[in-house]
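Below: one structure, written as structure tokens.
There are 2 protein chains.
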Amino acid sequence: MARYSEIKKILKSHKLRITDRRIDVLEFFLREKRTMSFKDLEEEFKDSDRVTLYRTLNAFTEHGVLHKIPDDSGFATYGLCHDTCDSEDHYHDHMHFKCNECGNIECLEENVPVVEIPGYQVKEANLILKGTCRTCVA
Amino acid sequence: MARYSEIKKILKSHKLRITDRRIDVLEFFLREKRTMSFKDLEEEFKDSDRVTLYRTLNAFTEHGVLHKIPDDSGFATYGLCHDTCDSEDHYHDHMHFKCNECGNIECLEENVPVVEIPGYQVKEANLILKGTCRTCVA
DNA sequence: TAGGTTTACGCAATAGAGTTGCAAAAATGA
DNA sequence: TCATTTTTGCAACTCTATTGCGTAAACCTA
Ligand SMILES: [Zn+2]
Ligand SMILES: [Zn+2]
Ligand SMILES: [Zn+2]
Ligand SMILES: [Zn+2]
Chain A
1 MARYSEIKKI
11 LKSHKLRITD
21 RRIDVLEFFL
31 REKRTMSFKD
41 LEEEFKDSDR
51 VTLYRTLNAF
61 TEHGVLHKIP
71 DDSGFATYGL
81 CHDTCDSEDH
91 YHDHMHFKCN
101 ECGNIECLEE
111 NVPVVEIPGY
121 QVKEANLILK
131 GTCRTCVA
Chain B
139 MARYSEIKKI
149 LKSHKLRITD
159 RRIDVLEFFL
169 REKRTMSFKD
179 LEEEFKDSDR
189 VTLYRTLNAF
199 TEHGVLHKIP
209 DDSGFATYGL
219 CHDTCDSEDH
229 YHDHMHFKCN
239 ECGNIECLEE
249 NVPVVEIPGY
259 QVKEANLILK
269 GTCRTCVA
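In the order they appear, the protein sequences are chains A and B. At position 109 of the first sequence (counting the first as 1) the number is 109 in our numbering, and the numbers step up by one without a gap. Our numbering runs 138 ahead of the 1-based position in the second sequence.
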């Protein structure tokens, strides 16, 4: 974790106070480079209070550090935002892939195909693909 | 509700026992012709036990009478299946639309566009559009 | 259609994910 | 350093949904 100054900079630029918890959580996301469920975080930070973790995730989501990945499984999953996201403006048009084998959820590079429905105003589109991911296919 | 015999036939063909509750719930779906959340059903069937409603919805979903619509809101929503669905085989490729104004979720005719991701095996795709529905746009 | 088996129902309790209230602790800024 | 604001930790709580179990209803077969 040689990124302490970088992490501080990210928190500051997103108008978040710098606390030990937030540094730890953000560092974890940056290090793992993958989406994370609440359970993942709970396991990593056993000493931390559940409520604080929830509040950290909410704060990060509100301030454009993380985006919450829509999921029907009942487990919220979070992924890192682009550099350009902040409180006012953070939109994500990319698709997500959930692997039935390993259970991981990935942010894909590709954007959700644009869909137009006559008579409807489409403002947002979430596409979740399920199947077997690259790692598990091999 | 002049469809009693029809409803009975549907239940039988899906290998479901015919009970008063199931007839009522299925009749409600057929009459309303729209997707229904658990709350909708609870309000319609105030005299019924919540658990029975949950179990009815689960049985219908397992036997291909209803399909559960993936939703990140924490409220399960259900829509009628096609005639061809049964316990073994009920797949749905259609998109869903959630209106931010009225809150209703609609099953759309159109299927989810086919997406291929190199290296991945895509087996299922759920696309949920959000915005303003035809009724609320007007 | 009666009798035995299987399944559904109703009630209470429980599980699981997430939130809220509040006092103490920490971060910020002057 | 000190005052102000935000965050943390703990307990209690909300909300959706499930499980266990005894009773009631549906089904099947003779
Ligand atoms: Zn974002
Ligand atoms: Zn993502
Ligand atoms: Zn179906
Ligand atoms: Zn549908």
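In this text, a Cβ means the ideal position worked out from N, Cα and C, and glycines have one as well. Quick caveat: nothing in here was measured; it's all calculated off a predicted structure.
Neighbour list for Tyr-258(B) in chain A, Cβ cutoff strictly below 8 angstroms: In chain order: Phe-97, Leu-129, Gly-131, Thr-132, Cys-133, Arg-134, Val-137.
Option in Asn-264(B), Cys-240(B), Thr-173(B), Leu-168(B) with minimal Cα separation from His-232(B): Of Asn-264(B), Cys-240(B), Thr-173(B), Leu-168(B), the residue nearest in Cα terms is Asn-264(B).
Selection of the region 83-117 of chain A by Cβ proximity to chain B, strictly under 8 angstroms: The residues in question are Met-95, Phe-97, Asn-100, Leu-108, Glu-110, Val-112, Pro-113, Val-115, Ile-117.
CB contact below 7 angstroms: Asp-185(B) versus chain A: Taking 7 angstroms as the CB threshold, Asp-185(B) stays off the interface with chain A.
Gly-212(B), buried or exposed, once every other Cβ within 10 Å from all chains shown has been counted against 16: By the C-beta density criterion, Gly-212(B) is exposed, having fewer than 16 other C-beta atoms within 10 angstroms.
Length of the line joining the Cα atoms of Arg-50(A) and Leu-154(B): Taking the straight line joining both Cα atoms gives about 42 angstroms.
heavy atom of ligand 5 below 6 angstroms from His-67(A) C-beta: Annotation note on ligand 5: not contained in the displayed structure, which lists ligand 1, ligand 2, ligand 3 and ligand 4 as its ligands.
C-beta neighbour in chain B for Lys-123(A), strict 7 angstroms: It does: the Cβ of Lys-123(A) has a partner Cβ on chain B nearer than 7 angstroms.
Spatial distance of Pro-118(A) from Asn-249(B) (CA atoms): Spanning the two alpha carbons is a distance of roughly 15 angstroms.
Leu-267(B) and Phe-235(B) closer than 7 angstroms at C-beta: Going by beta carbons, Leu-267(B) and Phe-235(B) fall inside the 7 angstroms limit.
For Ser-37(A), the residue or residues it bridges with in DSSP: DSSP output for Ser-37(A) lists Thr-77(A) as bridge partner(s).
Under 7 angstroms (Cβ pairs) to chain B, residues found in the region 16-32 of chain A: Correct list: empty, as no residue qualifies.
heavy atom of ligand 4 below 6 angstroms from Cys-245(B) C-beta: Short note on Cys-245(B): C-beta closer than 6 angstroms to some heavy atom of ligand 4.
Which residues DSSP lists as bridging Thr-270(B), in chain order: According to DSSP, Thr-270(B) bridges with Gln-121(A).
Ligand 4 heavy atom lying under 6 angstroms from the CB of Gly-241(B): In this structure, Gly-241(B) has its beta carbon at no less than 6 angstroms from each heavy atom of ligand 4.
Residue-chain proximity (Glu-144(B), chain A), Cβ-Cβ < 7 angstroms: Judged by the 7 angstroms Cβ criterion, Glu-144(B) is not in contact with chain A.
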